[in-house]
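One structure is given here, and the rest of the page talks about it.
Protein chains in written order, with the working numbering: chain A, 1 to 312; chain B, 1001 to 1640.
As structure tokens, this is what we get:
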């Protein structure tokens, strides 16, 4: 009998993504070999291949960390003295494009493979409603549509292109708060301007530009989605939002009224409710304990104060 | 909603970006990070747009099929198919959707889910089979839809609420079917008419006897008179219409039990069998469903529509859930919150149903500690009196040293004066912060969310939300109603702390007696009243029923009481001696068994005095046995 794990490889859908991922790993390995060396080419590729073949769910993240390590230290030996000296004009390099594209392709293939054979959605059924037979959902192979892989490649290509644009924007722009707008395209790095304090350092410039870029995109898209959501609210959701807002505004006053009601009416008692089903309330014992802790803390505080004042 | 997978990937991408910005020696790391973020962003944008353009435009259509036909109600004991058709009227395609129909509680089915690619205008079908063992009500809440992208980065769950209830009618019983299939008569009597071995004005010959003065001449049997040489007259059978009225106990106590095997369900099952068998004999059958408060009467009739109506009444009665009565509100919240999470995810979400931090803070002004805090706060006011100042000064002198500077002594004095204030602040803080700790915070959170949900469902005001938080009885009643509406069974505590049965209902005896008396008032002679009721717990309170039964007997009617009998309780007390070292569980069980047996004996002896017959049916007792008893009690020669 064929083991179940091997059966997964026979599924054409899973096999397609498996082959795709392995091909991407091969490209990554080749690029790293050209950039760094044999170790840099082998270790991340081995991690990625393990993730693909054994479906270990932590492997993509381990792969990214390993890859970033070998990109920062191509020879595997930490060397912080190396600096980034070719920042200008470093966009649209073939090796970078190949590396980034293949990494994205590997990640996309890996996660789609996980969806097909491991878990495709979180298992978020309330625990009280769960049954023993419930399992994490897995995407069936027949759900794969024609042209899905092609669309995946198109998305990856778009992402690589956007990444290059972002890098161009970040690497070719300097920030000068004395001007308006505070950006200017500078094709040549001018250390004298930095020395004079006219502009920010390249690291902080990149950081500010990246953070600003991400914030603008996220804010604009989030705002649009939020507006869309408000436009398409269902009646119950709208009512709930209004109710919740009103309750939040008037909560303290309403709470006061409830206290008055509780004072006015006889306290609720459970006439027939057996004690065994009542949940234990926080009683007087805990309150006394809290008071004792409070007093002890105060005494301690006072002793410290006294000790502090009494020091000569 | 981000999944764990995408959250970790975003963190990894941010890490790559930071490394790329500050420490990288080439553009690759930065490009990797920003491209990864772009991939996540594009995936999310596609997912969000598709979801928004589709989610609120999905239509659900549900039908039940039995024997390949669409039916408005199903029969118990027969498999039926649930077919749910989902059609998207949105303008986008959802490539990966998991649809899961929510079957009624206590029904397990393995294939009620389907993964599909939901396209606009293309109906998709989820089909599965169910089988109900007993009569009752099936409630389908709707369809749970789970949407995800192809890589499992983003996920959303929502529920298409289409609540609908179907009746599960009692089965067309075997007993009835067999009964109807056996030909017992060469000619059937007229509908509703039974021949009695009593002289009357019927059409069938009963006997011949000597002529008595006053006998009508037309009754003289001339041939027999000629043979015997004396006047002989014919006696004809009596034609008596027999009506059978069923009384079904739907009180709270009868509803307790396993979902499809509670006494009420079993009684409804047998009552349906009896009704159908009686109707097969072309008897007129009526039904009265009674509980602790009222009786619902269906007047006796004979038509097929009437029979279907009666079966529906029986199914509705069998579908009643037990009312747990006053219950711990926290227990109710623990049951109601998962249901609300499952069925109303968009109304439980934090974005619309908030839980502000102030909600969890416990104000000290609500407790007695407030007096202590007040006292501590006002303690420095003692300094307004000279004695207070003297005490502080003496304390400073005692605790300090003469060599200290005045500033240092002033600091010490301030410390002494501020000590009560600090203590008060500490008590206030520790008292308030307890609300943030589990399990109190969990309880408060659930109560608030459920309260807001209930207020929204009832179109209530914000004051109701606060009342649900503060008023246990108010919350308990609404949560119980919520769970009952969604047909969720709560764990029932049968006995209170004193060992008394919590679901004993004396009121139902009075309701039953009134219904019986009313039925007798509208009856003719020779009617049969069959009472399906669990009376063992109220054996000492049967006076009203005894009086009503006597009235019925006085009008020449018959009363038969059928008491449900638990399957695991022996009919007679065990004669075996108790084993030494018996466990508590078996001891309690033996006490309960003895109570049941005593109760039945008491009911039988009490009702026997009024002329009523009391029988019990064990689990699985066929309808035929009941019919035989009915026939015996009626004393008619329906079957020769």
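In this text, a Cβ means the ideal position worked out from N, Cα and C, and glycines have one as well.
First through last residue of the beta strand (DSSP E) which encompasses residue i
| i | result |
| --- | --- |
| residue 1156/B | 1155–1169 |
| residue 1088/B | 1079–1088 |
| residue 1288/B | 1284–1290 |
| residue 1128/B | 1124–1131 |
| residue 154/A | No beta strand (DSSP E) holds residue 154/A; the alpha helix (DSSP H) holding it covers 148–171. |
| residue 1298/B | 1295–1301 |
Buried or exposed (CB count within 10 angstroms, at least 16 for buried), residue i
| i | result |
| --- | --- |
| residue 1176/B | With a pLDDT of only 42 at residue 1176/B, under 50, the local geometry of the prediction cannot be trusted, and no value is derived from it. |
| residue 1319/B | buried |
| residue 1255/B | buried |
| residue 1086/B | buried |
| residue 280/A | Any reading at residue 280/A needs caution, since the residue's pLDDT is 39, under 50, leaving its predicted position unreliable; the model's value is listed next. So residue 280/A ends up on the exposed side. |
| residue 1165/B | exposed |
| residue 1387/B | exposed |
| residue 1055/B | buried |
| residue 106/A | buried |
| residue 1244/B | buried |
| residue 1001/B | exposed |
| residue 1374/B | exposed |
| residue 1557/B | buried |
| residue 1219/B | exposed |
CB contact check: residue i to chain B, cutoff 9 Å
| i | result |
| --- | --- |
| residue 255/A | yes |
| residue 61/A | yes |
| residue 148/A | yes |
| residue 64/A | yes |
| residue 153/A | no |
| residue 16/A | no |
Chain A contact residues for residue i, given Cβ-Cβ distances below 8 Å
| i | result |
| --- | --- |
| residue 1660/B | An answer regarding residue 1660/B cannot be provided, because it is not within the stretch 1001 to 1640 covered by chain B. |
| residue 1456/B | 236, 239, 240, 243 |
| residue 1604/B | Those within 8 Å of residue 1604/B in chain A number zero; the least Cβ separation is about 29 Å. |
| residue 1512/B | By Cβ distance, chain A contributes nothing, its closest Cβ being about 23 Å from residue 1512/B, past 8 Å. |
C-beta neighbour in chain A for residue i, strict 9 Å
| i | result |
| --- | --- |
| residue 1023/B | yes |
| residue 1019/B | yes |
| residue 1337/B | yes |
| residue 1291/B | no |
| residue 1012/B | yes |
| residue 1460/B | yes |
| residue 1562/B | no |
| residue 1252/B | no |
| residue 1008/B | yes |
| residue 1142/B | no |
| residue 1015/B | yes |
Where residue i meets chain B, residues with beta-carbon distance less than 7 Å
| i | result |
| --- | --- |
| residue 139/A | 1096, 1115 |
| residue 159/A | 1035, 1038, 1039, 1042 |
| residue 183/A | By Cβ distance, chain B contributes nothing, its closest Cβ being about 17 Å from residue 183/A, past 7 Å. |
| residue 294/A | 1423, 1426, 1427, 1430 |
Residue range of the alpha helix (DSSP H) that includes residue i
| i | result |
| --- | --- |
| residue 107/A | 94–117 |
| residue 19/A | 12–35 |
| residue 1352/B | Premise fails: residue 1352/B is in no alpha helix (DSSP H) and is neither H nor E. |
| residue 51/A | 38–54 |
| residue 1472/B | 1472–1485 |
Check: residue i C-beta below 8 Å from any heavy atom of the ligand ZN
| i | result |
| --- | --- |
| residue 178/A | What this structure holds is no ligand at all, so the ligand ZN is not there to describe. |
Proximal chain A residues relative to residue i, where beta-carbon distance stays under 9 Å
| i | result |
| --- | --- |
| residue 1003/B | 121, 122 |
| residue 1670/B | This structure cannot settle anything about residue 1670/B, because the visible part of chain B is limited to 1001 through 1640. |
Proximal chain B residues relative to residue i, where beta-carbon distance stays under 8 Å
| i | result |
| --- | --- |
| residue 298/A | 1419, 1422, 1423, 1426 |
| residue 214/A | 1037 |
| residue 313/A | Chain A is shown from 1 up to 312; residue 313/A falls before or after that span and cannot be answered. |
Within chain A, partners of residue i - CB distance below 7 Å
| i | result |
| --- | --- |
| residue 1588/B | Ordered by position in chain A, no residue passes the 7 Å Cβ test against residue 1588/B, which lies about 14 Å from the chain. |
Residue-chain proximity (residue i, chain C), Cβ-Cβ < 9 Å
| i | result |
| --- | --- |
| residue 29/A | In the structure shown, chain C cannot be found, because the protein chains are A and B. |
TODO: May I ask you to list, following chain order, the residues of the stretch 97–118 of chain A that have a beta carbon less than 7 Å from some beta carbon of chain B?
DONE: Within the stretch 97–118 of chain A, contact with chain B at the beta-carbon level (separation under 7 Å) is assigned to 99, 100, 103, 104, 108, 111, 112, 114, 115.
TODO: Could you please tell me which residues of the stretch 1051–1064 of chain B, in chain order, have their CB closer than 7 Å to any CB of chain A?
DONE: Of all residues in the stretch 1051–1064 of chain B, 1052, 1056 have a Cβ within less than 7 Å of some Cβ in chain A.
TODO: Report the residues of the stretch 164–179 of chain A with a CB closer than 9 Å to any CB of chain B, ordered along the chain.
DONE: Taking 9 Å as the Cβ-Cβ cut-off against chain B, the residues of the stretch 164–179 of chain A that qualify are 164, 166, 167, 170, 171.
Task: Residues of the stretch 226–237 of chain A whose Cβ lies closer than 8 Å to any Cβ of chain B, in chain order - done: Going along the stretch 226–237 of chain A in chain order, one finds 228, 229, 232, 234, 236, 237 with a Cβ nearer than 8 Å to chain B.
- [ ] Closer than 8 Å, Cβ to Cβ, to anything on chain A: give me those residues from the stretch 1463–1474 of chain B, in chain order.
- [x] Flagged, chain order: 1463, 1465, 1466, 1467, 1469, 1470, 1471, 1472, 1473.
Task: Against chain A: residues of the stretch 1148–1163 of chain B by CB proximity under 8 Å - done: Of all residues in the stretch 1148–1163 of chain B, only 1148, 1150, 1151, 1152, 1153, 1155, 1157 come within less than 8 Å of chain A when Cβ atoms are compared, listed by chain position.
- [ ] Could you name the residues of the stretch 20–53 of chain A whose beta carbon sits closer than 7 Å to any beta carbon of chain B, in the order they occur along the chain?
- [x] For chain B, none of the residues of the stretch 20–53 of chain A brings a beta carbon within less than 7 Å of one of its beta carbons.
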